[in-house]
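A.B. asks:
Shown next as structure tokens:
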């Protein structure tokens, strides 16, 4: 479905231009291009657009984090390493490499909150369903969970003396315990992180689990994040490459993210899942100038159907784009193809 965007152009990140003489050892003053600023009506229109029915843009972004997601202070010198430097029209950001908090990554956390409140961008945690090596202890807060049924490690519902549901605080190791209770506990563990860290949802990376376990996670998360959950506005997403999860997950999923990496021979096609829920992500890690993302943005499944959208893995690699002459040129172009702006 095509939708017109009723707002002006996207904020451009700073572009630093410098000239140096081959004979003069003194560097000349740099000419810095200031960020474009817009009025409140622009941001109101932007937030309204992101709440509308449209083909979304979805990106994995790691530039905000220290190397390999390590905790610690990072004060980026480049707007390519700032969440506020991402294109305004991006709908959802997968916080690849971890979750910024006020204590661990103060600048990234501040950027995330500002970008969500001002631009309506949503941020999701990247959860792992590619292996069974997870070790964790769930400490769910009763005030959030006393409306849903919980089970302990033996599958028994746990309640306190007043009849409120509580949790058993069992330490789980999925490498040794792959019971349904343990898999459901892993789902609740991720839900608690999302709520505690003020995120907008979760993306489970499905590459190594069996389909039934993925269904169990989807079914458990639905108690909180689905249409009937305590937080229906929270997103439940599954991304996959190659084999996809079962269609029994469809009722619980907001979006499927297909890792449509052209360098690895992947492309469009929902693989049995709803077209309108399927988002095709190119890998800018392998194709920093865009790869096939423009083709993914233009592709439609046919008939009256429309795709969920398109996006990019490692979108930060496209910041220093040269083919378009502007930062993030390829992802900007893809967003415009899916949802042409009335004013550019």
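In my numbering, the protein residues as written are 271 to 614. Virtual Cβ for every residue (Gly too), placed ideally from N, Cα, C. The structure displayed is predicted, hence computed values, not measured ones.
1. Could you tell me whether the Cβ atoms of residue 598 and residue 357 are closer together than 8 Å?
2. How would you write the range of the beta strand (DSSP E) that residue 481 sits in, first residue to last?
3. Would you call the segment 460 to 471 and the segment 500 to 513 in contact, with 3 or more CB pairs under 8 Å?
4. For residue 443, I'd like the list of residues in its chain whose CB is within less than 6 Å of its CB, leaving aside the five on either flank, ordered along the chain.
5. Would you please state the rounded distance, in angstroms, between the beta carbons of residue 596 and residue 580? I believe it to be under 8 Å.
6. In this structure, does DSSP put residue 548 in helix, strand or coil?
7. Residue 472 and residue 397 - do their beta-carbons sit closer together than 8 Å?
8. Is it buried or exposed for residue 615, if we count other Cβ within 10 angstroms and need 16 for buried?
9. Is residue 586 helix, strand or coil when you go by DSSP?
10. Using only alpha-carbon positions, find the residue among 310, 401 and 383 that is nearest to residue 478.
11. Would you identify the three-state DSSP class for residue 319, choosing helix, strand or coil?
12. Can you tell me which residues form a DSSP beta bridge with residue 525?
13. Looking at C-alpha atoms only, which residue of 334, 445, 535 and 365 is the closest neighbour of residue 474?
14. With DSSP as the reference, label residue 360 as helix, strand or coil.
15. With contact counted as at least three CB pairs below 8 Å, one residue from each stretch, are the segment 510 to 524 and the segment 537 to 547 in contact?
16. Mapping the DSSP letters down to three states, classify residue 530 as helix, strand or coil.
17. Round the Cβ separation of residue 335 and residue 368 to the nearest angstrom and send it over; I've been treating them as touching at under 8 Å.
18. Could you give the first and the last residue of the continuous beta strand (DSSP E) run that contains residue 330?
19. Check residue 313 in the structure and name its three-state DSSP category.
20. Thinking C-alpha only, which one of 319, 513 and 601 is nearest residue 390?
21. Out of 388, 376 and 569, point me to the one whose CA is closest to residue 309's CA.
22. What do you get for residue 591, buried or exposed, if any count of 16 or more other CB atoms within 10 angstroms of its CB means buried?
23. For residue 312, tell me which candidate among 359, 337 and 333 has the shortest Cα-Cα distance.
24. By the DSSP assignment, the beta strand (DSSP E) with residue 392 in it spans what residues?
C.D. replies: Walking through what the data contain:
1. As a position in the chain shown, residue 598 is number 328, starting the count at 1. As a position in the chain shown, residue 357 is number 87, starting the count at 1. Yes, Cβ-Cβ distance for residue 598 and residue 357 is below 8 Å.
2. On the chain shown, residue 481 is found 211 positions in, with the first residue counted as 1. Premise fails: residue 481 lies in the alpha helix (DSSP H), 481 to 495, not in any beta strand (DSSP E).
3. Touching, yes.
4. Here residue 443 is taken as the residue at index 173 of the chain shown, counted from 1. Excluding positions up to five away in sequence, the list reads 405.
5. Position 326 of the chain shown, counted from the start, is the residue given in the question as residue 596. Position 310 of the chain shown, counted from the start, is the residue given in the question as residue 580. Wrong, their Cβ atoms sit about 19 Å apart, outside the cutoff.
6. In the chain shown, residue 548 corresponds to position 278, counting from 1. Residue 548 falls in the strand class under three-state DSSP.
7. Residue numbering aside, residue 397 sits at position 127 when the chain shown is read from its first letter. Residue numbering aside, residue 472 sits at position 202 when the chain shown is read from its first letter. Taking 8 Å as the cut-off, the Cβ atoms of residue 397 and residue 472 count as close.
8. One cannot answer for residue 615 here, as it falls past the ends of the chain, which runs 271 to 614.
9. For the purposes of this step, residue 586 is taken as residue 316 along the chain shown, with counting starting at 1. Residue 586 carries a helical assignment under DSSP once its states are collapsed to helix, strand and coil.
10. Indexing the chain shown from 1 puts residue 478 at position 208. Out of 310, 401 and 383, 401 has the C-alpha closest to the C-alpha of residue 478.
11. Reading the chain shown from its first residue, position 49 is the one you call residue 319. Three-state result, residue 319: helix.
12. As a working note, residue 525 is residue 255 in the chain shown. According to DSSP, residue 525 bridges with 507.
13. The residue given as residue 474 occupies position 204 in the chain shown. Of the listed residues, the one whose Cα sits closest to residue 474 is 365.
14. Looking up residue 360 in the chain shown gives position 90. Three-state result, residue 360: coil.
15. Taking a cut-off of 8 Å for Cβ pairs, the segment 510 to 524 and the segment 537 to 547 touch, as three or more such pairs fall below it.
16. One-based indexing of the chain shown puts residue 530 at position 260. When secondary structure is reduced to three states using DSSP, residue 530 falls in the coil class, being assigned neither helix nor strand.
17. By one-based count along the chain shown, residue 335 stands at place 65. By one-based count along the chain shown, residue 368 stands at place 98. Beta-carbon to beta-carbon, residue 335 and residue 368 are separated by about 6 Å, close enough to satisfy the 8 Å threshold.
18. Residue numbering aside, residue 330 sits at position 60 when the chain shown is read from its first letter. Run containing residue 330: 326 to 330, per the beta strand (DSSP E) assignment.
19. To locate residue 313, count along the chain shown from 1; it is residue 43. In the structure shown, residue 313 sits in a helix (DSSP, three-state: H, G or I).
20. Position 120 of the chain shown, counted from the first residue, corresponds to residue 390. By alpha-carbon distance to residue 390, the top candidate from 319, 513 and 601 is 319.
21. Position 39 of the chain shown, counted from the first residue, corresponds to residue 309. Nearest C-alpha to residue 309: 388.
22. By 1-based counting over the chain shown, the position of residue 591 is 321. Around the beta carbon of residue 591, 16 or more other beta carbons lie within 10 angstroms, which makes this residue buried.
23. Taking the chain shown and counting its residues from 1, one reaches residue 312 at position 42. Taking the Cα of residue 312 as reference, the smallest distance to any Cα among 359, 337 and 333 is reached at 359.
24. Locating residue 392 in the chain shown gives position 122, where the first residue counts as 1. For residue 392, the enclosing beta strand (DSSP E) starts and ends at 392 to 399.
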